[in-house]
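Working notes for the structure below.
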Amino acid sequence: VTVPVLAIDGPGGAGKGTISRLIAQRLGWHLLDSGSLYRLTALAALRKGVPLDDESRLADIALQLDVVFRADHGKTVIELEGAVVTNDIRTEQVGDSASRVAALPAVRTALLQRQRDFRQAPGLVADGRDMGTVVFTDAPLKIFLTASAEERARRRHLQLREAGMDASLSSLLKEIQARDARDMQRSVAPLVPADDAVELDTTSLSIPEVVEQLTQLLVQKG
Ligand code: C5P
C-alpha cells in the first residue's frame, strides 16, 4: 500500500505552515516543511560564503545538508551541522536567498529524494510550492492555498513580531511580491496549482476554518 500524502502548495504567507502543522497533528501524520530545506541550503551557503548563483556548489551543499528535525514540546527544532538554527532560517534575508537558490534546477534535484523520504506511514502532510506538481504527483489530495499579498504581509508581520523580530509592513509586502514573482516565473517547478489541485483562498478565513475545510476534503477523498 502507498502511504497517503496531503500536498499543500501556495505562495509564502498563505498559512501553509500553520495549517499543515495543525492537520498533521490532528491526523498523527508526518510533516514535511519543504521550504525549510531551501532555507537551510541558503543559510549553509551564506555561512560558507558560497555565491548564491554557483549552481554546482549549491547542489553539493543541498545534497550533503547535515540537518536534524526533532520534536521538542510540540515544536520542531531544526539543527544544521549540530547547531540549532530554528529561528535563523526564518529571517527575510534567508527567505530571499532561499528563493534564489530554489530557482536552480540542480538544487531542486538534489533535494528531491530527501523530500520523498518523509513519506512514511501512516501519512504525510507536505507543505511547499511543488508538492503536488513535482515531488508527490500521486498525492490523493492536493490543495493550493492562497491569500491576497496584503493579507500575507500582515500575517508575516505578526509572525515576526511574535518571534521577537520587527519589520515594516510595506517592506514585507514588497518582499512578498518580489518572491511571488520569482517563484511563479522560474523555469523549473514554477509555483502553479496542479491540474487536480483544489484551490482555497484563505484571505478572509480563520485558521480553524481552513483546518476544518481541509479535513472535510480529506474525509471526502476517503
Ligand atoms: O515556504 P518558505 O517561505 O519557507 O520557502 C522559502 C523559499 O523556498 C520560497 O520562496 C521558494 O522559493 C522556495 N521553495 C520552493 N519549493 C518548495 C518550497 C519552498 O521553491 N517546495
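The opening residue of the sequence shown carries number 10 in UniProt numbering; numbering runs sequentially from there. Each residue gets a CB set at the ideal place from its N, CA and C atoms; glycine is no exception.
Neighbour-count burial assignment, residue i, 16 or more Cβ in a 10 Å radius
i           : result
residue 124 : buried
residue 142 : buried
residue 93  : exposed
residue 81  : exposed
residue 165 : buried
residue 60  : exposed
residue 220 : buried
residue 18  : buried
Supposed contact pair residue j and residue i - C-beta distance, whole angstroms, cut 8 Å
i           : j           : result
residue 16  : residue 140 : 4 Å
residue 149 : residue 230 : 5 Å
residue 48  : residue 104 : 7 Å
residue 158 : residue 182 : 6 Å
residue 14  : residue 128 : 6 Å
Contact check, residue i vs residue j, beta carbons under 8 Å
i           : j           : result
residue 40  : residue 144 : no
residue 226 : residue 32  : no
residue 151 : residue 201 : no
residue 138 : residue 192 : yes
residue 28  : residue 154 : yes
residue 216 : residue 21  : no
residue 211 : residue 156 : yes
residue 38  : residue 173 : no
residue 237 : residue 87  : Any answer about residue 237 is impossible in this case: the structure gives the chain only from 10 up to 231.
residue 101 : residue 176 : yes
residue 89  : residue 76  : yes
residue 50  : residue 74  : yes
residue 68  : residue 115 : yes
residue 195 : residue 112 : yes
Cut-off 6 Å between Cβ atoms - residues of its own chain near residue i, not counting five sequence neighbours on either side
i          : result
residue 72 : 119
4-residue-minimum alpha helix (DSSP H) runs that sit fully inside the region 45-90, ordered along the chain: 64-72
Inside the region 167-216 only - alpha helix (DSSP H) runs reaching at least 4 residues: Whole alpha helix (DSSP H) segments, 4+ residues: 178-194.
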